[in-house]
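Student: Handing you this structure, nothing more for now.
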Amino acid sequence: MSEVRRKIIPTKHPMPHQDAKERCHNFNEVALGYDEDTAVAEAQRCIQCKNSPCMEGCPVEINIPAFIKKITERDFAGAISIIKEKNNLPAICGRVCPQENQCEKKCTVGKKHEPVAIGRLERFVADWEMAHGSRSVKKAKSNGKKVAIVGSGPSGLTAAADLALMGYKVTVFEALHMPGGVLVYGIPEFRLPKSIVAREIASIVELGVEIKTNYVVGKLGTIDELLQEGYDAVYIGTGAGLPSFMNIPGENLNGVYSANEFLTRNNLMKAYRFPEYLTPIRVGKRVAVIGGGNVAMDAARTALRLGAESYIVYRRSFEEMPARREEIEHAREEGVHFEILTSPVEIKGNEEGRVTSMVCQRYELGEPDESGRRSPIPIKGSEYEMQVDTVIMAIGQGPNPLIQQTTPNLKTNKRGNIVVDETTGQTSIPGVFAGGDIVTGAATVILAMGAGKRAARAIHEYIQSKG
142 MSEVRRKIIP TKHPMPHQDA KERCHNFNEV ALGYDEDTAV AEAQRCIQCK NSPCMEGCPV
202 EINIPAFIKK ITERDFAGAI SIIKEKNNLP AICGRVCPQE NQCEKKCTVG KKHEPVAIGR
262 LERFVADWEM AHGSRSVKKA KSNGKKVAIV GSGPSGLTAA ADLALMGYKV TVFEALHMPG
322 GVLVYGIPEF RLPKSIVARE IASIVELGVE IKTNYVVGKL GTIDELLQEG YDAVYIGTGA
382 GLPSFMNIPG ENLNGVYSAN EFLTRNNLMK AYRFPEYLTP IRVGKRVAVI GGGNVAMDAA
442 RTALRLGAES YIVYRRSFEE MPARREEIEH AREEGVHFEI LTSPVEIKGN EEGRVTSMVC
502 QRYELGEPDE SGRRSPIPIK GSEYEMQVDT VIMAIGQGPN PLIQQTTPNL KTNKRGNIVV
562 DETTGQTSIP GVFAGGDIVT GAATVILAMG AGKRAARAIH EYIQSKG
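Anchor point for the sequence shown: position 305 equals 446 in the working numbering, and the numbering is continuous, going up by one each time.
Shown next as structure tokens:
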């Protein structure tokens, strides 16, 4: 083993990208993906260790060493087949999942060198399958039972696919006019092309899953009514789509957006393609995005592409920033400015009620808080005024309360998240399960998928136990 390790290339093979000077003016995908030779060379960095710790870090339980070995053999069809035994959204996961905090964090090679680029390899084989049209559909024999899925985001889609493969008739109810949830309304085209999402969803539909769009559960029908209509179980995966605000003076001015609205209008309603799509959005010359997560980076980079001078305003330092490192670096390369250790205390406007500036305060870092990050402490007398036309709040999301309000006996916590059994996703109502951001609060795509997978197994066991 030591001889093998001495031959390991110490760093990942670089991911090809659009040049920063070009990509900041378009919405085309930034990362371009590995070619076959690069993918094989990267896969050869894997030492195929016996204990496979990388699998411990995968919420959807992919046999990572097995699919990587297939890549080294140039058996790309075999590699994607192994991935799809556990994951029906590999092209999405390969692009947006934080592998650096999951599978790659556990990689044995990563103890001495950079870890194997597992996410990039997953994306490669998923894209290879799409390009070569080699997709095979395995349909299960019907077992005569049916399940309703509320929400077509990553959690709901994962549960739907797994249940369909177990023989269930699955119907997904989606409130918006397009399926995909946060994958279509929340993540920009330059990070996750919507054609990729559409193709992944199409593969799930081919399993026999039915998706009903423009159906708001809680308005057109309730959870109890779905059970009364003959569904043997219901899975709630409605995510966290209710934006948070700071409750500071001036937040009601024109020109203040939640990141949810700003990104939805651009991603789902194609505001950036006006006048082809009649959904314009005004950004002005200077945009301030409040927050330091992936959503904040997405909003800031979108504003930049719409022609604005774009700023991230974050009350902690770069070290505490929760966004993925590569998203921060991409933003910096493209020209997004960072005002760190800073937060607004007031938003000012003109006589027409439009934003003209923000009053900001500087901070210093104190002791770590309950999240492990150092707490920001305001510096007295450090206030200053920042000239901006638009302010975008990207400081978190919570659960939409509609289902909770229309479902008696559904237990929730003080934040409005649905309370479930952590192992099964079972709620306080028999036959009703929930998972993803509606349970945990805003998290990652892959964690939501893991919840959907666990719930699918639990739903199967529940229905089978009823006979």
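No residue lacks a Cβ here, since even glycine has one placed at the ideal position from N, Cα and C.
Given the structure is predicted, the values throughout are model-derived calculations rather than measurements.
#1: Which parts of the region 404-486 are runs of the beta strand (DSSP E), unbroken and 3 residues or longer, counting only runs that do not cross its ends?
#2: Taking the C-alpha atoms as reference points, what is the distance between E144 and I150?
#3: What's the call for G448, buried or exposed, on a 16-neighbour Cβ count within 10 Å?
#4: Taking all protein chains shown into account, do 16 or more other C-beta atoms lie within 10 angstroms of the C-beta of P152, making it buried, or fewer, making it exposed?
#5: For F208 and I223, what's the separation of their Cα atoms in angstroms?
#6: Please state whether DSSP places R595 in a helix, a strand or coil.
#7: So, for A599: in the same chain, excluding its five sequence neighbours on each side, which residues have a beta-carbon less than 6 Å away from its beta-carbon?
#8: Closest to R495 by CA distance: which of V397, V288, S484 is it?
#9: Out of Q189, K360, L383, H154, which one is the CA nearest neighbour of P540?
#10: In three-state DSSP terms, what is V311?
#11: Consider the Cβ of I224: report whether some Cβ of chain B lies at a distance smaller than 8 Å.
#12: Take the Cβ of R456 as the centre, count every other Cβ of all protein chains shown within 10 Å, and call the residue buried at 16 or more, exposed below.
#13: Return the first residue and the last residue of the beta strand (DSSP E) that P571 is part of.
#14: Look at the Cβ atom of A381, then the Cβ atom of D578, and state whether they are nearer than 8 Å.
#15: Just to confirm the assignment: which complete beta strand (DSSP E) runs, minimum length 3, are found wholly within the region 237-306?
#16: Give the single residue among D439, Y603, L333, E505 whose Cα lies nearest to the Cα of I233.
#17: Contact check, E202 vs G235 under 8 Å by CB: the rounded distance?
#18: Given L306, which residues of its chain have a CB within under 6 Å of its CB, disregarding the five upstream and five downstream residues?
#19: Go ahead and label V573 buried or exposed: buried means 16 or more other beta carbons lie within 10 angstroms of its beta carbon, across all protein chains shown.
#20: Pick from Y372, P200, R514: whose alpha carbon is nearest that of G285?
#21: Which same chain residues end up closer than 7 Å to H158 when comparing Cβ atoms and leaving out the 5 residues on each side of it in sequence?
#22: Considering Cα atoms alone, identify which of V237, V266, T363 is closest to A289.
#23: If you compare alpha carbons, which of N169, V266, M590, P390 is closest to V181?
#24: Excluding five sequence neighbours on each side, which residues of the same chain lie with their C-beta closer than 7 Å to the C-beta of L367?
#25: Could you spell out where the beta strand (DSSP E) holding T531 opens and where it closes?
#26: Entirely within the region 499-550 and at least 4 residues each: give me those alpha helix (DSSP H) ranges in chain order.
#27: Give every residue of the same chain whose Cβ lies closer than 6 Å to the Cβ of S193, excluding the five residues on either side of it in the sequence, and list them in chain order.
#28: Which whole-angstrom value describes the C-beta separation of I469 and M499, a residue pair presumed to lie in contact below a C-beta threshold of 8 Å?
#29: Could you tell me which of R186, I481, F168, A161 sits nearest to H154, measuring between CA atoms?
#30: In the structure shown, what three-state DSSP assignment does I328 receive?
#31: Quick one: using the 10 Å Cβ neighbour count with 16 as the cut-off for buried, is S523 buried or exposed?
#32: Hey, could you find the ends of the beta strand (DSSP E) I377 is sitting in?
#33: What is the DSSP secondary structure of L368, reduced to helix, strand or coil?
#34: Is it true that the CB of S569 sits closer than 8 Å to the CB of V560?
#35: Go ahead and pull the three-state DSSP assignment for Q189.
#36: To the nearest angstrom, report how far apart R340 and Q528 are at their CA atoms.
Tutor: Per the coordinate set shown:
#1: 427-431, 450-455, 478-481
#2: Within the sequence shown, numbered from 1, the residue matching residue 144 stands at position 3. Within the sequence shown, numbered from 1, the residue matching residue 150 stands at position 9. With a pLDDT of only 41 at E144, under the threshold of 50, the placement of this residue in the model should not be trusted; the figure read from the coordinates follows. Answer to the nearest angstrom: the Cα atoms are 13 Å apart.
#3: Working through the sequence shown from its first residue, we reach residue 448 at position 307. Under this definition G448 is an exposed residue.
#4: Numbered from 1 along the sequence shown, position 11 holds the residue referred to as residue 152. What sits at residue 152 in the sequence shown is Thr, not Pro. Exposed is the call here.
#5: Position 67 of the sequence shown, counted from the start, is the residue given in the question as residue 208. Position 82 of the sequence shown, counted from the start, is the residue given in the question as residue 223. In a straight line, the C-alpha of F208 is about 6 Å away from that of I223.
#6: Walking along the sequence shown from the start, residue 595 turns up at place 454. Reduced to three states, the DSSP call for R595 is helix.
#7: For this step, residue 599 is matched to residue 458 along the sequence shown. Once the five neighbours on either side are set aside, the close Cβ partners of A599 are T565, G566.
#8: Taking the first residue of the sequence shown as position 1, residue 495 is located at position 354. R495 has its Cα closest to that of V397, out of V397, V288, S484.
#9: Here the question's residue 540 lines up with position 399 in the sequence shown. P540 has its Cα closest to that of L383, out of Q189, K360, L383, H154.
#10: Against the sequence shown, residue 311 aligns to sequence position 170. Three-state result, V311: strand.
#11: Here chain B cannot be found, since the structure has a single protein chain.
#12: Translated into the one-based positions of the sequence shown, residue 456 becomes position 315. R456 comes out buried.
#13: Within the sequence shown, residue 571 is the residue found at index 430, counting from 1. Element bounds for P571: n/a, residue is neither H nor E.
#14: Counting from 1 along the sequence shown, the entry for residue 381 is found at position 240. Counting from 1 along the sequence shown, the entry for residue 578 is found at position 437. Yes, they are a contact pair.
#15: 287-291
#16: In the sequence shown, the residue the question calls residue 233 occupies position 92. It is L333.
#17: On the sequence shown, residue 202 is found 61 positions in, with the first residue counted as 1. On the sequence shown, residue 235 is found 94 positions in, with the first residue counted as 1. Contact flag wrong, Cβ pair sits at about 16 Å.
#18: On the sequence shown, residue 306 is found 165 positions in, with the first residue counted as 1. Excluding sequence neighbours, L306 sits near A281.
#19: Here the question's residue 573 lines up with position 432 in the sequence shown. The residue in question, V573, is buried, as its Cβ has 16 or more Cβ neighbours within 10 Å.
#20: Within the sequence shown, the letter at position 144 stands for residue 285. G285 has its Cα closest to that of Y372, out of Y372, P200, R514.
#21: In the sequence shown, counting from the first residue as 1, residue 158 sits at position 17. The residues are V171, A172, L173.
#22: Position 148 of the sequence shown holds residue 289. Considering only alpha carbons, the answer is T363.
#23: Position 40 of the sequence shown holds residue 181. The residue with the shortest Cα to Cα distance from V181 is V266.
#24: In the sequence shown, counting from the first residue as 1, residue 367 sits at position 226. Hits under 7 Å: A289, V375.
#25: Position 390 of the sequence shown, counting from 1, holds the residue named residue 531. It spans 531-534 - the beta strand (DSSP E) in which T531 sits, taken as one unbroken run.
#26: 543-546
#27: By 1-based counting over the sequence shown, the position of residue 193 is 52. Taken in chain order, the residues that qualify are P206.
#28: Position 328 of the sequence shown, counting from 1, holds the residue named residue 469. Position 358 of the sequence shown, counting from 1, holds the residue named residue 499. Incorrect: roughly 22 Å between the Cβ atoms, too far for contact.
#29: In the sequence shown, the residue the question calls residue 154 occupies position 13. Of the candidates R186, I481, F168, A161, the one whose C-alpha sits nearest the C-alpha of H154 is R186.
#30: Numbered from 1 along the sequence shown, position 187 holds the residue referred to as residue 328. Three-state result, I328: coil.
#31: Numbered from 1 along the sequence shown, position 382 holds the residue referred to as residue 523. The residue in question, S523, is exposed, as its Cβ has fewer than 16 Cβ neighbours within 10 Å.
#32: By one-based count along the sequence shown, residue 377 stands at place 236. Here the beta strand (DSSP E) through I377 covers 374-377.
#33: Mapped onto the sequence shown, residue 368 falls at position 227. Helix.
#34: On the sequence shown, position 419 is the one that residue 560 refers to. On the sequence shown, position 428 is the one that residue 569 refers to. Cβ distance < 8 Å, so V560 and S569 count as in contact.
#35: The residue given as residue 189 occupies position 48 in the sequence shown. Coil, per DSSP.
#36: Position 199 of the sequence shown, counted from the start, is the residue given in the question as residue 340. Position 387 of the sequence shown, counted from the start, is the residue given in the question as residue 528. In a straight line, the C-alpha of R340 is about 43 Å away from that of Q528.
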